[in-house]
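Here the structure comes first, spelled out in structure tokens, and everything after it is commentary.
In this note's numbering, the protein residues as written are 410 to 548.
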């Protein structure tokens, strides 16, 4: 789940593209993007193919999950399937509304583990953390 902001778009796209196309074992099966300009730009530059998803478009900021994000919550709970990864390029407020605090920073990504009836945020990568992942050598 990427929070998209203009200031870090180019760096984020370069690094995330390198990470996801490397030998780190992060195969991407689907990229969903909010239909707003910056999120579409990030999805296109970082991942190439993407689908527009109105379900992940930003809305009013709230700490309680709202009905408009029910599909997003379900995607988090169920995941894309074993051995697959779904990338969602969106805004900070849908993530905050579904996963709670803290808010995703500009250009930050969250890794969500599906648990069936729930989900867990297991990692967060700030915009400046992508460079370290590109240089990472799996053992």
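Every residue gets a Cβ at the ideal spot worked out from N, C-alpha and C, and that includes glycine.
Only a predicted model underlies this, so the values are computations on that prediction, with no experimental measurement involved.
Quiz prompt | Simplified DSSP assignment, three categories, for residue 538 | solution = helix
Exercise. Ignore the nearest five residues each way along the sequence and tell me which others in residue 459's own chain have a CB closer than 6 Å to its CB.
Key: 440, 442 and 452
Self-check item: Per-residue DSSP class, three states only, for residue 431
Solution: With a pLDDT of 48 at residue 431, under the threshold of 50, the modelled position of that residue is not reliable, and the figure given next carries that caveat. Correct three-state label for residue 431: coil.
Quiz item: Quick one: what does DSSP say residue 493 is sitting in, helix, strand or coil?
Solution: coil
Exercise. Look up residue 517 in the DSSP assignment and say whether it is helix, strand or coil.
Key: coil
Practice problem: Please classify residue 476: is it buried, with 16 or more other beta-carbons within 10 angstroms of its beta-carbon, or exposed? | Solution: exposed
Self-check item: Those residues which DSSP pairs with residue 479 across a bridge
Solution: In the DSSP output, where bridge partners are listed per residue, residue 479 has none listed.
Quiz prompt | Other residues of its chain near residue 512: CB distance less than 7 Å, five sequence neighbours each side excluded | solution = 501 and 505
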